[in-house]
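Participant: There's a structure below that I have some questions on.
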Amino acid sequence: MKLLALWLGGALCLLHAQAPLERAYELLRTRQYDESIAAFRQSLTAEPGRVAVHKDLAYTYLKVGDTVAARDEFATAMHLAPDDLHLALEFAFLANETKQVAAARRIFERVAKTGDPESRATASQAFENIDRPLREGIERWKQALAASPGNFSAHKDLAGLAEQRDELPLALMHYEAAWKLKPAMRSLLVDMGRVARLMKREEQATTYLIAASRGAEPRAAEEARDLLGSRYPYVYEFQRAIELDPTNAGLRRELGYLYIEMKQGKDAEREFSKLVELLPDDLLAAAQLGLLRLAAKDTAGAMPLLKRALEGPDEELADRIRTALGMPQTLHRKSEVPRKQVSIQAKTLAERSLQAGYLQDALKYLNVAHETDPLDFSVILKLGWTNNILKDDPSAVRWFRLASKSPEPAVAAEANRAYRNLEAGLARIHTSVWMYPIFSTRWHDLFAYGQVKTELRIPGVPVHPYFSTRFVGDARGGIDNPGSIYPQYLSESSIIFALGLATVPRRGLVAWGEAGMAMSYLGRRPSGGFMKPDYRGGLSFSKGFGRLLTSEAGGAFFEMNLDAVFVSRFQNDTIFYSQNRAGWTFAPRDSLGGFQLQLFWNANLTADAKHQYWANFGETGPGLKFRFASMPRSLYFTVSLLRGAYTVTEGNPRGPQFNDLRAGIWYAH
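What follows is the structure, encoded as C-alpha cells:
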C-alpha cells in the first residue's frame with residue numbers, strides 16, 4: 005500500500021508541475037493565448053528544431069491576429085521541414101497577405117509543380133491569382149512609359165511589380181531610372197541594393213546600400229544597415245558609393261572622418277571641402293575643414309572657417325574650437341529643450357515604426373527616447389513589449405520590472421502583470437508546491453500528499469537537477485505496522501527528502517530519477533529505523549484534449565496519464581499506472597459565482613513487475629471536478645465513485661472486488 009502512495013505522490017507531482025510546452029498547450033486550451041505564446045517561445049528556446057511546436061505557435065499567433073509573427077513561425081517550420089507542402093502553403097498564403105508577394109508567388113509556383121493533385125490545384129489557382137495582376141500591371145506601366153519616359157511613378161511602380169514577379173533585371177533597371185529622376189529619395193537605393201543582391205551582384209548591391217545607409221532618410225538608412233550586416237565598409241567602397249551619389253553629405257562626412265583616423269589629412273580635407281560646398285550652413289563641417297587646414301599650416305584658409313563656427317549658435321562647438329586654438333572657454337548653461345525635443349521625436353518615430361511593423365527601428369528609437377528621458381515609464385513599458393515581441397525575453401523582463409515602479413497606476417499594473425508572466429518562465433531556480441488531501445470510504449481514512457520541489461533550469465540543457473521534500477501520510481497513522489489493515493501504497497507516514505534529475509518534457513514525456521531518505525514522523529518504525537534510504541525513478545507521460553476544467557467554453561475532453569515508477573524501498577518493484585478520464589466540461593455559470601463543473605468517467609489500471617495482489621487492479625466509475633472562478637486556477641475539488649477488481653488473486657486476503665468513494669482537494673502554486 006505504501007508503494008502506490010509513494011508512486012501516486014510522484015506521479016501527481018510530475019503531472020501537475022508542467023514544463024513550458026505542456027503549460028503552453030494547457031493555456032491554449034483555455035484560450036489564454038498571450039500566456040500560451042510566451043510558454044511556446046520558452047519551450048522553443050530549449051528545443052528550436054521542433055517543427056510541430058513552431059506550427060502550433062504560428063496558429064496561436066493567428067488566433068490573436070498577429071499574422072506577421074504567424075508568417076515568420078511558418079517560415080521557420082518550413083525551413084526545418086522543406087518537404088511539407090501543407091506547411092509551405094500555409095506560409096505562402098500568409099506571405100501574400102502580409103505583402104511578401106514575391107515569396108508567396110515562388111512557393112505557390114513550386115507546389116503547383118511538385119505537389120500532390122490537391123495541393124497542385126490549390127497552389128496553381130493561388131499562383132494565378134497573384135501572377136495575373138502582376139503581368140497585367142507590368143504591361144500597363146510599360147505602355148505608360150512609352151508615352152511618357154520621364155514618369156517617376158511609372159518607373160517606380162513597374163519596378164515594384166517586376167520585383168514581385170522575379171523579373172529582377174527589369175526591376176533594377178526601373179528602380180535606377182526612378183532614382184535618377186529623384187536622387188534625394190534614397191529609399192530607392194535600398195530597393196536597388198536588395199534586387200542587386202538577389203541577382204548575385206554583391207559588389208553593386210554593396211555600393212547601393214552604403215549610399216543609402218549614410219543618407220538623410222532614417223528608415224532607409226536603418227534598412228540598408230540591416231542588409232549590409234555588421235562589417236564596416238572599406239575606403240574604396242565609400243569611394244564607389246560617392247561616385248554613385250556625389251551629393252550624399254553623410255557619405256562624404258563619414259569618409260572624411262575615416263581619412264582623419266587613417267592620418268590621411270589631404271584626403272580628409274578634400275572630402276570636407278566638398279561637404280562645405282554642399283552644405284554651406286554646416287558649421288561642424290566648416291570647423292573640421294578649418295582645423296584640417298590649420299594643421300596643414302594653411303592659416304589663411306583656416307581662419308575664416310573657424311571664425312564662422314566661433315560666431316555661430318553652437319556653444320559646444322565653439323568651445324571645442326577655443327580649446328584647439330588655446331583660447332579661454334565661455335561659461336554657459338545647456339538648455340534642456342533640445343533633449344525634450346529629441347525624446348518627443350524619438351517616441352513619434354518609434355510609434356510609427358511599431359505601427360508599420362518595423363520592430364528593430366522601433367527598438368532603436370525607444371532606446372534614444374529612454375536615454376534622453378530616463379523617467380518616461382511609458383517608453384520603458386514599450387521597450388519591454390518590443391523586446392518581448394522580438395523574442396528577447398531576458399531584456400523584456402528587465403524593462404517590465406523597471407516599468408512596474410511607475411507612479412502611473414495603469415503603467416505599473418500592466419508592467420507588473422507582464423513581468424510576472426515572463427519572470428516565472430525564465431527563472432533559473434523554480435519552486436513549486438502542491439497538496440492533495442483525499443478521503444476514501446474504502447479505507448475509512450483521510451490521506452494527505454504534498455510536495456515542495458525546487459528545480460535548477462539551465463537554458464539549452466535537456467536535464468535539470470531538483471531538490472524535493474514530499475509528505476505522504478494519513479489521519480490514522482500506524483501504516484508501517486505489518487499487522488495494519490491499511491495497504492502500504494496509500495500512506496507511509498513519512499517526510500521524504502531527495503535529490504534528483506529530470507528531463508525537459510518532450511511531447512508530454514518525462515524521465516526522472518532521484519535518491520533520498522524517508523523520515524517517519526511517527527518516530528521509530530516497527531520495521532526498523534527512523535530513516536530509510538529511498539531511490540526511485542521512472543517515466544511519465546500525460547496528454548489532454550478538448551475543453552479542460554478552466555476553459556471559458558463547454559465541450560468534451562479526454563485526459564490520459566501513464567506512469568512507470570521504480571521504487572527501491574519496496575522490494576525494488578516497478579509499478580505501471582494508467583489513469584484515463586473522458587467526459588464533458590460545462591461552461592462557467594456567472595449566476596453561480598463562475599461555477600465550473602466537469603463530469604467524466606474514470607478508467608484506471610494498475611500493475612507491477614512482481615505481480616503482487618495489492619498492485620494489480622482495475623477500477624472504473626463516474627466522477628466530477630468543480631471550482632469557482634474566484635478561486636486560484638490550480639485549486640479544484642474532485643469526487644469519484646469507483647468499482648474495482650483485483651487482477652491478481654493469489655495472496656489476496658480481501659475479496660476480488662471493491663467499491664470506493666473518493667473525495668479530494670487539489671491545489672498547486
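At position 131 of the sequence shown (counting the first as 1) the number is 135 in our numbering, and the numbers step up by one without a gap. Every residue, glycine too, gets a C-beta built ideally from N, C-alpha and C.
(1) Can you have a look at Asp-60 and say buried or exposed, based on whether 16 or more other CB atoms are within 10 angstroms of its CB?
(2) Can you tell me which of Leu-32, Ala-42, His-83 and Asn-606 puts its alpha carbon nearest to the alpha carbon of Arg-54?
(3) Does the stretch 265-272 touch the stretch 246-257, meaning 3 or more C-beta pairs lie closer than 8 Å?
(4) Relative to the C-alpha of Ala-452, which candidate in Ile-669, Leu-288 and Leu-282 has its C-alpha closest?
(5) Would you call the stretch 432-450 and the stretch 406-424 touching, i.e. three or more CB-CB distances under 8 Å?
(6) For the candidate residues Ala-568, Leu-394 and Ala-300, whose alpha-carbon lies nearest to that of Ser-582?
(7) In chain order, which continuous runs of the alpha helix (DSSP H) of length 4 or greater are located wholly inside the stretch 190-216?
(8) Of all the alpha helix (DSSP H) runs that stay within the bounds of the stretch 588-619, which reach a length of 4 or more residues?
(9) Specify, as a first and last residue, the run of the alpha helix (DSSP H) that His-434 falls within.
(10) Does DSSP put Lys-547 in a helix, a strand or coil?
(11) Use the C-beta contact count for Pro-121: other C-beta atoms within 10 angstroms, 16 or more gives buried, fewer gives exposed.
(12) Taking C-alpha atoms, which residue in Lys-386, Asp-396, Leu-176 and Gly-625 lies nearest to Met-203?
(13) State the Cα-Cα distance for the pair Ala-127 and Leu-279, rounded to the nearest angstrom.
(14) For Ala-502, list the residues DSSP reports as bridge partners.
(15) Give me the residue from Phe-604, Leu-32, Val-401 and Asp-612 with the minimum Cα distance to Asp-577.
(16) Helix, strand or coil: how does DSSP classify Phe-404 here?
(17) Could you pull the start and end residues of the alpha helix (DSSP H) that Glu-275 belongs to?
(18) Compare the C-alpha of Thr-507 against each of Tyr-37, Tyr-29, Ser-47 and Ala-42 and name the closest.
(19) Taking 8 Å as the cut-off, decide whether the C-beta atoms of Ala-209 and Ala-200 are in contact.
(20) Over the uninterrupted alpha helix (DSSP H) stretch that includes Trp-389, give me the two end residues.
(21) Ends of the beta strand (DSSP E) at Ile-669?
(22) Tell me where the beta strand (DSSP E) around Gly-454 begins and ends.
(23) Which parts of the stretch 51-90 are runs of the alpha helix (DSSP H), unbroken and 4 residues or longer, counting only runs that do not cross its ends?
(24) Strictly by DSSP, which residues pair up with Gly-648?
(25) Whole angstroms is fine: what's the gap from Gly-587's alpha carbon to Arg-139's?
(26) Excluding sequence positions up to five away, which residues of its chain have a Cβ less than 8 Å from the Cβ of Trp-389?
(27) Return the chain-ordered ranges of every alpha helix (DSSP H) run that is complete within the stretch 116-168 and spans a minimum of 4 residues.
(28) Ala-306 to Leu-321, Cα distance in whole Å?
(29) Is the beta carbon of Phe-662 closer than 8 Å to that of Arg-446?
(30) Along the beta strand (DSSP E) that carries Gly-559, what are the first and last residues, could you check?
(31) Would Trp-403 be called buried (16 or more neighbouring beta carbons within 10 Å of its own) or exposed?
(32) When the Cα of Thr-642 is compared with those of Leu-293, Ser-444 and Gln-168, which residue comes out closest?
(33) Determine the extent of the alpha helix (DSSP H) in which Gly-260 is found, giving its start and end residues.
Facilitator: Taking the definition as stated:
(1) Position 56 of the sequence shown, counting from 1, holds the residue named residue 60. Flag for Asp-60 reads buried.
(2) Position 50 of the sequence shown, counted from the start, is the residue given in the question as residue 54. The shortest C-alpha separation from Arg-54 is found at His-83.
(3) no
(4) As a first step, residue 452 is located in the sequence shown; it is residue number 448 there, counting from the start. The residue with the shortest Cα to Cα distance from Ala-452 is Ile-669.
(5) no
(6) Along the sequence shown, read from residue 1 onward, the residue named residue 582 stands at position 578. The residue with the shortest Cα to Cα distance from Ser-582 is Ala-568.
(7) 191-202
(8) none
(9) For this step, residue 434 is matched to residue 430 along the sequence shown. Here His-434 belongs to no alpha helix (DSSP H); instead the beta strand (DSSP E) covers 433-444.
(10) The residue given as residue 547 occupies position 543 in the sequence shown. Reduced to three states, the DSSP call for Lys-547 is strand.
(11) Translated into the one-based positions of the sequence shown, residue 121 becomes position 117. By the neighbour-count rule (16 or more Cβ atoms within 10 Å), Pro-121 is not buried but exposed.
(12) Residue 203 sits at position 199 when you count from the first residue of the sequence shown. Minimum Cα distance to Met-203 is reached at Leu-176.
(13) The residue given as residue 127 occupies position 123 in the sequence shown. The residue given as residue 279 occupies position 275 in the sequence shown. Distance between the alpha carbons of Ala-127 and Leu-279 is about 54 Å.
(14) The sequence position of residue 502 within the sequence shown is 498, counting from 1. Ala-502 pairs with Ser-472 and Gly-520.
(15) Numbered from 1 along the sequence shown, position 573 holds the residue referred to as residue 577. Checking every option, the nearest Cα to that of Asp-577 belongs to Asp-612.
(16) Residue mapping note: residue 404 aligns to position 400 of the sequence shown, counting from 1. Three-state DSSP puts Phe-404 in a helix.
(17) The residue labelled residue 275 in the question sits at position 271 within the sequence shown. Here the alpha helix (DSSP H) through Glu-275 covers 269-282.
(18) Start at 1 with the first residue of the sequence shown, and residue 507 comes out as number 503. The option with the nearest alpha carbon to Thr-507 is Ser-47.
(19) Working through the sequence shown from its first residue, we reach residue 209 at position 205. Working through the sequence shown from its first residue, we reach residue 200 at position 196. Yes; because the gap between Cβ atoms is below 8 Å, this pair is in contact.
(20) Position 385 of the sequence shown, counting from 1, holds the residue named residue 389. It spans 381-393 - the alpha helix (DSSP H) in which Trp-389 sits, taken as one unbroken run.
(21) Counting from 1 along the sequence shown, the entry for residue 669 is found at position 665. Note, Ile-669: beta strand (DSSP E), 661-672.
(22) Start at 1 with the first residue of the sequence shown, and residue 454 comes out as number 450. Note, Gly-454: beta strand (DSSP E), 449-460.
(23) 55-67 and 71-84
(24) Position 644 of the sequence shown, counting from 1, holds the residue named residue 648. Partner(s): Glu-623 and Phe-662.
(25) Residue mapping note: residue 587 aligns to position 583 of the sequence shown, counting from 1. Residue mapping note: residue 139 aligns to position 135 of the sequence shown, counting from 1. One C-alpha to the other measures close to 56 Å.
(26) Position 385 of the sequence shown, counted from the start, is the residue given in the question as residue 389. Correct list, in chain order: Ala-400 and Ala-422.
(27) 121-151 and 156-168
(28) The count along the sequence shown starts at 1 and reaches residue 306 at position 302. The count along the sequence shown starts at 1 and reaches residue 321 at position 317. Ala-306 and Leu-321: Cα-Cα distance of roughly 16 Å.
(29) For this step, residue 446 is matched to residue 442 along the sequence shown. For this step, residue 662 is matched to residue 658 along the sequence shown. It is a contact, given that the beta carbons lie within the stated cut-off.
(30) Position 555 of the sequence shown holds residue 559. Looking at the DSSP string, the run of the beta strand (DSSP E) that includes Gly-559 is 559-571.
(31) Taking the sequence shown and counting its residues from 1, one reaches residue 403 at position 399. It is buried - the Cβ of Trp-403 has at least 16 other Cβ atoms within 10 Å.
(32) Residue numbering aside, residue 642 sits at position 638 when the sequence shown is read from its first letter. The shortest C-alpha separation from Thr-642 is found at Ser-444.
(33) Mapped onto the sequence shown, residue 260 falls at position 256. Run containing Gly-260: 253-265, per the alpha helix (DSSP H) assignment.
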